[in-house]
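Peer 1: Under my numbering, the residues of the sequence shown are numbered 1 to 202, in order. For every residue, glycine included, the Cβ atom is placed at its ideal position computed from N, Cα and C.
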Amino acid sequence: MPQMSQVLRERAIGMLTAGLSTRAVARELNVHFSTISRLQRRFREFGSTSNRPHNRSVTTPAQDLHIQHLWRPATRTAAAAFVCRRNRLECANAHIRWHLALWRGVLFTDESRFSLYRADGRQCVWRCVGERFADVNIVDRVAHGGGGVMVWAGVCYGQRTQVRFIDGILNAQRYRDEILRPIVVPFIHDHHLMLQHDNARP
Numbered sequence: 001m002p003q004m005s006q007v008l009r010e011r012a013i014g015m016l017t018a019g020l021s022t023r024a025v026a027r028e029l030n031v032h033f034s035t036i037s038r039l040q041r042r043f044r045e046f047g048s049t050s051n052r053p054h055n056r057s058v059t060t061p062a063q064d065l066h067i068q069h070l071w072r073p074a075t076r077t078a079a080a081a082f083v084c085r086r087n088r089l090e091c092a093n094a095h096i097r098w099h100l101a102l103w104r105g106v107l108f109t110d111e112s113r114f115s116l117y118r119a120d121g122r123q124c125v126w127r128c129v130g131e132r133f134a135d136v137n138i139v140d141r142v143a144h145g146g147g148g149v150m151v152w153a154g155v156c157y158g159q160r161t162q163v164r165f166i167d168g169i170l171n172a173q174r175y176r177d178e179i180l181r182p183i184v185v186p187f188i189h190d191h192h193l194m195l196q197h198d199n200a201r202p
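#1: Rounded to the nearest angstrom, what separates residue 147 and residue 114 at their Cα positions?
#2: Please state if the CB of residue 18 and the CB of residue 29 are separated by a distance shorter than 7 Å.
#3: Taking only three categories from DSSP, how would you classify residue 84?
#4: Quick one, which of 165, 133, 61 and 149 has its alpha-carbon nearest residue 46's?
#5: Measure the alpha-carbon distance for residue 140 versus residue 167 and round it to whole angstroms.
#6: To the nearest angstrom, report how far apart residue 39 and residue 9 are at their CA atoms.
#7: With distances taken Cα to Cα, identify the nearest neighbour of residue 125 among 7, 135 and 21.
#8: Please list, in chain order, all residues of the same chain as residue 157 whose beta carbon is under 6 Å from its beta carbon, the five residues on each side excluded.
#9: Flag this pair as yes or no: are the beta carbons of residue 108 and residue 173 separated by less than 7 Å?
#10: Excluding five sequence neighbours on each side, which residues of the same chain lie with their C-beta closer than 6 Å to the C-beta of residue 94?
#11: Quick one: grab the DSSP three-state call for residue 202.
#12: Run through the DSSP bridge pairs and tell me what residue 154 is partnered with.
#13: Label residue 98 either buried or exposed according to how many other C-beta atoms from any shown protein chain fall within 10 Å of its C-beta, with 16 as the threshold for buried.
#14: Quick check on residue 37: does DSSP put it in helix, strand or coil?
#15: Please classify residue 165: is it buried, with 16 or more other beta-carbons within 10 angstroms of its beta-carbon, or exposed?
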């Protein structure tokens, strides 16, 4: 069966837009009603009555965006990550039945970086198509984050250590000489605490 001409297709869409049913349009143009139904569906989906070229993508733009959200390369992680997860699980299981009096005797310590403008790394925004350069979607760049500080501190029930500002990289030797010996050891002796140790690079 020969294809409908472009003129007939546009005439059919005009008649459908005017309110005629697919069967009425098919009778008027002397074509099968399924042809008109497919034409109407294609017009709704692509906004055009012309034939799609054969090399065109078989997915719609919305489907392409959905596929991009689903497909991501596998995340690479160090082999030690499995060991760390296992150790954390073992620690959690070992302390699952601790009551409040035991947790009150634990000193928790950690370090964190505070930047003037934003945290290190990428910052994501939700935006519509064509709004890439809208003011609300732009983050000003400042060299080195505009400056920031690395701090270390410890907390326990009703107490906290002094806050220590750290210049440069905190390795194991600096951690021992600048934090453990002068701050942590006296603090846990004075308050009869147990140290929950964080990790410092060797």
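Peer 2: Per the coordinate set shown:
#1: Position 147 of the sequence shown holds residue 147. Position 114 of the sequence shown holds residue 114. Cα to Cα, the separation comes out at about 9 Å.
#2: Position 29 of the sequence shown, counted from the start, is the residue given in the question as residue 29. Position 18 of the sequence shown, counted from the start, is the residue given in the question as residue 18. No.
#3: Position 84 of the sequence shown, counted from the first residue, corresponds to residue 84. Here residue 84 sits in helix by DSSP.
#4: Translated into the one-based positions of the sequence shown, residue 46 becomes position 46. With distances taken between Cα atoms, residue 46 lies closest to 61.
#5: By one-based count along the sequence shown, residue 140 stands at place 140. By one-based count along the sequence shown, residue 167 stands at place 167. Residue 140 and residue 167: Cα-Cα distance of roughly 26 Å.
#6: As a working note, residue 39 is residue 39 in the sequence shown. As a working note, residue 9 is residue 9 in the sequence shown. The alpha-carbon atoms of residue 39 and residue 9 are separated by roughly 7 Å.
#7: The residue labelled residue 125 in the question sits at position 125 within the sequence shown. Per the Cα distances, 135.
#8: Here residue 157 refers to the residue found at position 157 of the sequence shown. Result list for residue 157: 104, in chain order.
#9: As a working note, residue 108 is residue 108 in the sequence shown. As a working note, residue 173 is residue 173 in the sequence shown. Their beta carbons are not under 7 Å apart, which means residue 108 does not touch residue 173 by this criterion.
#10: On the sequence shown, position 94 is the one that residue 94 refers to. So no residue of the chain qualifies.
#11: Taking the sequence shown and counting its residues from 1, one reaches residue 202 at position 202. Because the pLDDT of residue 202 is 39, which lies under 50, any placement of that residue in the model is unreliable, and the number read from its coordinates should be weighed accordingly. The answer is coil: DSSP assigns residue 202 none of H, G, I, E or B.
#12: In the sequence shown, the residue the question calls residue 154 occupies position 154. Its beta-bridge partners are 109.
#13: Locating residue 98 in the sequence shown gives position 98, counting from the first residue. With fewer than 16 other Cβ atoms within 10 Å, it is exposed.
#14: Position 37 of the sequence shown holds residue 37. In the structure shown, residue 37 sits in a helix (DSSP, three-state: H, G or I).
#15: Your numbering for residue 165 matches position 165 in the sequence shown. So residue 165 ends up on the exposed side.
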